[in-house]
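Peer 1: Submitted below is the structure of interest, expressed as structure tokens.
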Amino acid sequence: MCVVDLGSGSAGAADAANARNTAGAESALPDVSDAPPPVVRGEPVEVAEGVFVIPDGRVPLVPNIGIVVGERAALVIDTGLGPCNGAYVLEQARRLAGDRPLYLTITHFHPEHGFGAQAFKGAATIVYNRAQRDELRRKGAGYLAMFAGLSPQLAAGLDGVTLVDPDVVYDGYAEIDLGGHTAVLRGVGPAHTTSDQTVLVDGQVLFTGDLVETRMFPIAPYFPPHDTDVDGAAWIDVLDRLSAIEAEIVVPGHGEVGDGALIREVRGYLAYVRDEVERLRAAGVSVDDAVVVIDRDARARWSTWDNPEWIGFAVRAWYAAAG
Ligand SMILES: [Zn+2]
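The numbering of the sequence shown is my numbering, which starts it at 5 and goes up by one.
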């Protein structure tokens with residue numbers, strides 16, 4: 005039953021305001037109450053031979069989703085948020101892959117990337133790295149409650165979510181031979197999360213998850229006291245390693261598919277926040293004042309980027325890491 009009643013009119017608005025107030029008081033999360041519902045709607049687009057992306061359409065809390073179709077099997081990368089999105093992605097994968105065996109992996113445990121995995125349980129072999137599985141077990145329920153509190157649309161999208169364990173767990177990296185296409189899954193965290201994973205297909209197409217976004221401020225999930233694991237310094241190191249791969253096509257977690265320039269742009273922003281925090285801390289500026297300064301300057305410098313609300317989270321994470 006994947007029919008989502010989104011509500012409308014004054015009752016819906018009141019619910020949204022209540023959810024916003026609750027979220028603001030408890031976790032200071034970004035306000036997404038006015039965002040469109042996080043529904044995966046796109047059709048798969050072939051970005052390289054046998055490699056498809058269901059584009060996010062720049063809808064908040066919808067990720068880019070990958071489907072890699074080999075001669076013998078197919079791999080799905082990320083599910084969208086909730087069981088209905090998961091079912092939609094599974095349907096698209098079946099349409100492209102026919103009756104080939106399916107694998108599912110996720111770039112990281114965040115709800116919009118992996119909380120549709122239950123639709124694949126029994127229909128695909130689910131593969132995570134060990135740290136991903138452990139982070140999902142540790143934080144999954146908390147994130148489910150946090151996201152459901154953000155807006156009625158999110159609560160509806162997450163209705164009926166069951167967090168499922170992977171069927172296969174690996175350490176380091178895993179290579180999946182799909183027949184004519186090879187996917188290398190690699191644990192690269194901590195960075196955006198403790199257990200970020202990249203997927204490199206045929207040495208050519210790199211799925212980065214939220215390590216990279218296109219024309220939007222990267223998400224710094226610094227939510228004390230619930231989650232303070234984002235690691236900006238390690239994130240920069242990871243981006244340097246990803247740049248060195250020189251992949252021809254980069255599929256970010258959110259935003260348009262591009263190339264290595266996307267990685268360099270995110271690195272440039274993170275290094276800017278790092279340097280500014282260092283400068284302002286040395287001058288005795290408080291974290292709250294630094295948020296004001298860096299937020300203002302970064303919005304001006306990256307004026308075409310969406311989601312500027314994440315600037316302050318990044319600044320607070322860097323300040324906390326500096327001790
Ligand atoms: Zn994320």
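Note that the Cβ used here is the ideal one computed from N, Cα and C, for glycine as well.
Since this is a predicted model, take the numbers as computed values, not measurements.
Helix, strand or coil: how does DSSP classify residue 191 here?
Peer 2: Of the three classes helix, strand and coil, the one that applies to residue 191 here is strand, per DSSP.
Peer 1: Please report how far the alpha carbon of residue 312 lies from the alpha carbon of residue 248, in whole angstroms.
Peer 2: 28 angstroms
Peer 1: Considering only residues of the segment 36–103, which uninterrupted alpha helix (DSSP H) runs meet the minimum length of 4 residues and lie entirely inside it, listed in chain order?
Peer 2: 86–101
Peer 1: Using beta carbons (cut-off 9 angstroms, strictly below), is residue 130 in contact with chain D?
Peer 2: No chain D appears in this structure, which consists of one protein chain only.
Peer 1: Taking all protein chains shown into account, decide if residue 91 is buried (16 or more other Cβ within 10 angstroms of its Cβ) or exposed.
Peer 2: Flag for residue 91 reads buried.
Peer 1: Please classify residue 29: does DSSP put it in a helix, a strand, or coil?
Peer 2: At residue 29, the pLDDT of 35 sits below 50, so the modelled position is not reliable and the matter cannot be decided from this model.
Peer 1: Look at the alpha carbon of residue 302 and the alpha carbon of residue 6, and state the distance between them as a whole number of angstroms.
Peer 2: 40 angstroms
Peer 1: Mind checking who residue 151 pairs with in its DSSP beta bridge?
Peer 2: Residue 151 is not bridged to any residue.
Peer 1: Going by the C-beta, is residue 223 closer than 8 angstroms to any heavy atom of ligand 1?
Peer 2: yes
Peer 1: Write down every uninterrupted run of the beta strand (DSSP E) in the segment 104–155 whose length is 3 residues or greater and which is fully enclosed by it, in chain order.
Peer 2: 106–109 and 129–133
Peer 1: What residue range does the beta strand (DSSP E) around residue 210 cover?
Peer 2: 209–217
Peer 1: Could you pull out every residue in the same chain whose Cβ sits closer than 6 angstroms to the Cβ of residue 184, ignoring the five residues on either side in sequence?
Peer 2: For residue 184, same chain residues with a beta-carbon under 6 angstroms away, outside a window of 5 residues either side, are 74 and 75 in chain order.
Peer 1: For residue 28, count the other beta carbons within 10 Å of its own beta carbon; 16 or more makes it buried, fewer makes it exposed. Which is it?
Peer 2: In this prediction, residue 28 has a pLDDT of 37, which is less than 50 and means its spatial position is unreliable; nothing more can be read from the coordinates.
Peer 1: Let me check one thing: in DSSP terms, what residues is residue 201 bridge-paired to?
Peer 2: 191
Peer 1: Tell me which residues share the same chain as residue 230 and place their Cβ nearer than 6 angstroms to its Cβ, disregarding the 5 neighbours each side in the sequence.
Peer 2: 146
Peer 1: So does residue 139 have its beta carbon nearer than 8 angstroms to some heavy atom of ligand 1?
Peer 2: no
Peer 1: Any heavy atom of ligand 1 closer than 8 angstroms to the beta-carbon of residue 197?
Peer 2: yes
Peer 1: Can you list, in chain order, the residues of its chain whose CB lies under 6 angstroms from that of residue 174, leaving out five sequence neighbours each side?
Peer 2: When the five nearest sequence neighbours on each side are left out, the beta carbons in the same chain lying within less than 6 angstroms of the beta carbon of residue 174 are those of 133, in order along the chain.
Peer 1: Under 9 angstroms, do residue 331 and residue 234 count as touching if we go by C-beta distance?
Peer 2: The requested residue 331 does not occur in the structure, where the chain is confined to residues 5 to 327.
Peer 1: What's the gap between the Cα of residue 300 and the Cα of residue 212?
Peer 2: 28 angstroms
Peer 1: In whole angstroms, give me the CA-to-CA distance for residue 30 and residue 152.
Peer 2: Unreliable placement is indicated for residue 30, whose pLDDT of 37 sits below 50; the coordinate value is still reported in the next sentence. Looking at the two C-alpha atoms, the distance is approximately 13 angstroms.
Peer 1: Can you name, in chain order, every residue of its own chain whose Cβ lies under 6 angstroms from the Cβ of residue 77, other than the five neighbours on each side?
Peer 2: 104, 105 and 182
Peer 1: How many Å lie between residue 160 and residue 228 at the Cα?
Peer 2: 26 angstroms
Peer 1: Between 162, 288, 245 and 121, which lies nearest to residue 80 when the distance is taken from Cα to Cα?
Peer 2: Ranking the options by Cα distance to residue 80, first place goes to 121.
Peer 1: Residues near ligand 1, CB to any non-hydrogen atom under 5 angstroms, in chain order?
Peer 2: 114 and 214
Peer 1: May I ask which residues mark the beginning and end of the alpha helix (DSSP H) holding residue 276?
Peer 2: Element bounds for residue 276: 264–286.
Peer 1: Return helix, strand or coil for residue 233, following the three-state DSSP convention.
Peer 2: Of the three classes helix, strand and coil, the one that applies to residue 233 here is coil, per DSSP.
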